[in-house]
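Sequences listed follow chains Z and X, in order.
For the first sequence, our numbering gives the first residue as 44, with consecutive numbering after it.
For the second sequence, our numbering gives the first residue as 3, with consecutive numbering after it.
No residue lacks a Cβ here, since even glycine has one placed at the ideal position from N, Cα and C.
Step one of this worksheet: look at the structure below.
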Amino acid sequence: MEIKVVKDILDANERIAQRNQKLFDANNLFAVNLMSSPGAGKTSLILQTLKSLKGKIGIGVIEGDVSSSLDAEAIGREGVSVVQINTAGGCHLDANMLSIALDSVPLGDIRLLFIENVGNLICPAEFSLGEHRRVLISSIPEGDDKPFKYPLMFHTVDAVLINKIDLLPYLKFDIDAFSQTIKGMNQKVKIFPVSCTSGQGIEKWVSWLLSQMRNPV
Amino acid sequence: MHELSITQSMLNLVLGQAEQAKAKKVGKINLVIGEMTGVVGECVQFYFDFLSRGTIADGAALAIKAVPTKARCRDCGKLFEVMEFDWTCPHCHGNNMEIVAGKELFVESIEVE
């Protein structure tokens, strides 16, 4: 006997993600899923963003890593609420892992939640967490061909930050061609060239982020 | 290695459907996987063989329908298949496109006894 199913394989994850988003909305909290390859600057971007926004709004961070709590410690030193998820080999966060971590987040005290995903351009693209915005950091040393190699990731994000632009004089990276490729695949995407080392471009990113928080859905 | 959690989710979905139908055995699972998802069929098969052990889906055949990435050009309106490393319209060479296929990841049907 054949049974017609026609159901998305990640349906269960999607349902938990929707539950997470309801929890965020009930607490008037804006959640950002931050993704990139390892070493592109997710933690550095959070630290730079904290510099601009600390004291102005309550910020919380959830750190996803395969192992260690190094990133959580770096964020914790800034005096913001941080929860570490160790995926123990898992290559991405999923909605259920996030749901469990949210029990340890003081939801009422924060307005903006950064969820730092596991460094990976493939798997995190598939798993919605219930976030309001999906943000990707791509960095100059990775090369400008990444949209061709990881199209799903570039296709599904709301913003792409091009980090480490202070290295442009030393490396070959065509920002215009890169931006044009992403915009061709993803019309809604916003692109922000930044340097988390010098702070260049961070102001524009932060003001976009704040503008999104006013219209979360 | 997202195939591990994807295969586990797929198996849960299949077992749930089979249980609803009061099936004793799952003989075949028909999957549809878009190229853009980057899900590798061989990996799904590998994890499936392992994860399905001891369930009624143990030994089920996996049939995977692969869907190529397709886009509609926003400039000339033509539909085309996106080739690896060439995200431009083969008709007008524009690179402004809407992706219309390739993101599929679902269980189409199962065959049960």
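Taking 8 Å as the CB-CB cut-off, is Z/Gly-45 touching chain X? The amino acid occupying residue 45 of chain Z in the given sequence is Glu; Gly does not appear at that position. It does: the Cβ of Z/Glu-45 has a partner Cβ on chain X nearer than 8 Å.
Over what stretch of residues does the alpha helix (DSSP H) that includes Z/Pro-194 continue unbroken? 194 to 199
Taking all protein chains shown into account, decide if X/Cys-78 is buried (16 or more other Cβ within 10 angstroms of its Cβ) or exposed. exposed
Please state whether DSSP places Z/Arg-58 in a helix, a strand or coil. helix
Rounded to a whole number of angstroms, what is the C-alpha to C-alpha distance between Z/Lys-226 and Z/Phe-197? 9 Å
Apart from the five residues on each side of it in sequence, which residues of its chain come closer than 7 Å, Cβ to Cβ, to Z/Val-171? Residue identity check: residue 171 of chain Z is Ser in the sequence provided, not Val. These residues qualify, in order along the chain: Asn-56, Glu-57, Ala-60 and Ala-138.
For Z/Ala-189 and chain X, any beta-carbon pair shorter than 8 Å? This sequence places Lys at residue 189 of chain Z; Ala is not what is there. Not one chain X Cβ lies under 8 Å of Z/Lys-189.
What's the call for Z/Glu-159, buried or exposed, on a 16-neighbour Cβ count within 10 Å? buried
Between Z/Lys-50 and chain X, is the shortest Cβ-Cβ distance under 8 Å, so that the two count as touching? yes
Give the C-beta separation of Z/Lys-85 and Z/Ile-180 to the nearest angstrom, bearing in mind that I take them to be a contact with Cβ-Cβ under 8 Å. 6 Å
Using beta carbons (cut-off 8 Å, strictly below), is Z/Phe-149 in contact with chain X? Correcting the residue identity first, residue 149 of chain Z is Pro in this sequence and not Phe. Not one chain X Cβ lies under 8 Å of Z/Pro-149.
List the residues of chain Z that X/Thr-57 touches, going by C-beta distances under 7 Å, in chain order. Correct list: empty, because the minimum Cβ distance to chain Z is about 16 Å.
Note down the Cα distance separating Z/Val-126 from Z/Val-148, rounded to an integer number of angstroms. 7 Å
Taking CB distances under 8 Å as the criterion, tell me whether Z/Pro-81 reaches chain X. no
Does DSSP classify Z/Ile-186 as helix, strand or coil? The question names Ile, but residue 186 of chain Z in the sequence shown is Gly. Here Z/Gly-186 sits in coil by DSSP.
Over the uninterrupted beta strand (DSSP E) stretch that includes X/Asn-14, give me the two end residues. Counting along the chain, X/Asn-14 falls outside any beta strand (DSSP E), though it belongs to the alpha helix (DSSP H) covering 4 to 22.
Own chain, CB closer than 6 Å to X/Tyr-49, minus 5 neighbours either side, in chain order: Glu-5, Leu-6 and Thr-9
Are three or more beta carbon pairs between the stretch 67 to 82 of chain X and the stretch 23 to 30 of chain X nearer than 8 Å? no
Tell me, please, whether the CB atom of X/Ile-66 is closer than 8 Å to any CB atom in chain Z? no
Within the chosen definition, does the stretch 64 to 83 of chain Z reach the stretch 163 to 177 of chain Z through at least 3 CB pairs nearer than 8 Å? yes
At which residue ranges does the stretch 192 to 255 of chain Z contain complete beta strand (DSSP E) runs of 3 or more residues, listed in the order of the chain? 202 to 206 and 233 to 236
Counted within 10 angstroms of its Cβ, other Cβ atoms place Z/Gln-230 as buried (16 or more) or exposed: exposed
Assign X/Cys-94 to buried or exposed, taking buried as 16 or more other Cβ atoms, counted over all protein chains shown, within 10 Å of its Cβ. exposed
Which one or two residues does DSSP pair with X/Phe-82 in a beta bridge? X/Ala-73
For the beta strand (DSSP E) holding Z/Ala-74, just list the boundary residues, first then last. 73 to 79
By the criterion of Cβ-Cβ separation under 8 Å, what are the contact partners of Z/Asp-137 in chain X? Ser-7
List the whole-angstrom C-beta distance separating X/Phe-108 from X/Val-42, where the pair is believed to meet the contact cut-off of C-beta under 8 Å. Actually they do not touch by this definition, with Cβ atoms about 17 Å apart.
Using a Cβ-Cβ distance cut-off of 8 Å, determine whether X/His-93 contacts chain Z. no
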